[in-house]
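Numbering (the UniProt record's numbering), first residue to last: 1 to 245.
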């Protein structure tokens, strides 16, 4: 990676951080209530290093083995960097052990089997290393699209009830990937559905404080609706090359 590309990543993070702060002010949100999560899937170590140099500490990965490789690299070479790793992709049952052993947050829990496996395998990994509970978000399919992961609204509360009983998981909130639409009103309406659902969940579980929603194309609507964590990839790192994942 060239020095110019590194400086572009740093500039992008600075600009996004400023846009988030301005949106917080515009929509009467608390200052610094919205966290920037850098979605680093398919991106090389050098790109993450540039982001870290710009002050970015939280990274989201969609592919398990790629994410684990990055986590292990930074643990070995940047042990004092205090990075936070979020798994944000669909979860296959045969990959839960690697997720449980390596990630701090999981955004995409959408069924009881996955929650139970993450809990049990986090417990097993604690025997070899000190592990805090995984911070968990329930993924909700707000658009009802068959191609998207996520539970439906009716199943959220049963899944939340289970997660709340599991000692190695901490229920923190909800995540969604709404339908890809371009008009602002439709974006906002989709996000407001999740905000209302989070309020219901928070009434039952006071520790619920997180809404992971909003990406490069709909960040403003997500922040207006109440997002506390926006997942941004392209606007930080540029277009992805999926042949390199």
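Note that beta-carbon positions come from the ideal geometry of N, C-alpha and C, so glycine has one too.
Just so you know, these numbers come straight off a predicted model, no measurement behind them.
Pair within 9 Å by beta-carbon distance, residue 201 and residue 237: no
CB of residue 89 within 9 Å of CB of residue 64, strictly: yes
- request: Assign residue 232 to buried or exposed, taking buried as 16 or more other Cβ atoms, counted over all protein chains shown, within 10 Å of its Cβ.
  value: buried
query: What's the call for residue 42, buried or exposed, on a 16-neighbour Cβ count within 10 Å?
result: buried
task: Can you tell me the Cβ-Cβ gap for residue 14 and residue 50, rounded? I've got them flagged as a contact below 8 Å.
output: That pair is no contact at about 12 Å.
field: First through last residue of the beta strand (DSSP E) which encompasses residue 323
entry: Limits of the chain in this structure are 1 at one end and 245 at the other, which puts residue 323 out of reach.
message: Can you tell me where the beta strand (DSSP E) holding residue 172 begins and where it ends?
response: 169-175
field: Limits of the alpha helix (DSSP H) - the one that residue 77 falls within
entry: 64-77
task: From the DSSP output, read off the bridge partner residues of residue 211.
output: 174
query: According to DSSP, what are the bridge partners of residue 86?
result: 60 and 105
query: Can you name the residues that DSSP bridges to residue 151?
result: 140
- prompt: For residue 245, which three-state DSSP category applies?
  reply: Confidence in residue 245 is poor, its pLDDT being 49 and thus under 50, which makes the residue's placement too unreliable to answer from.
- request: Go ahead and pull the three-state DSSP assignment for residue 181.
  value: coil
- prompt: Given 8 Å as the limit, is there contact between the stretch 117-124 and the stretch 181-189, that is, 3 or more CB pairs closer than that?
  reply: no
Endpoints, alpha helix (DSSP H) assigned at residue 26: 3-26
task: Select from 239, 235, 4 and 215 the residue whose C-alpha is nearest the C-alpha of residue 228.
output: 215
- prompt: Taking the alpha helix (DSSP H) that residue 114 falls in, what are its first and last residues?
  reply: 112-125
- prompt: Any heavy atom of the ligand HEM closer than 8 Å to the CB of residue 89?
  reply: Absent from the structure shown: the ligand HEM. Ligands present: none.
message: Just to confirm the assignment, what range does the beta strand (DSSP E) spanning residue 232 have?
response: 229-232
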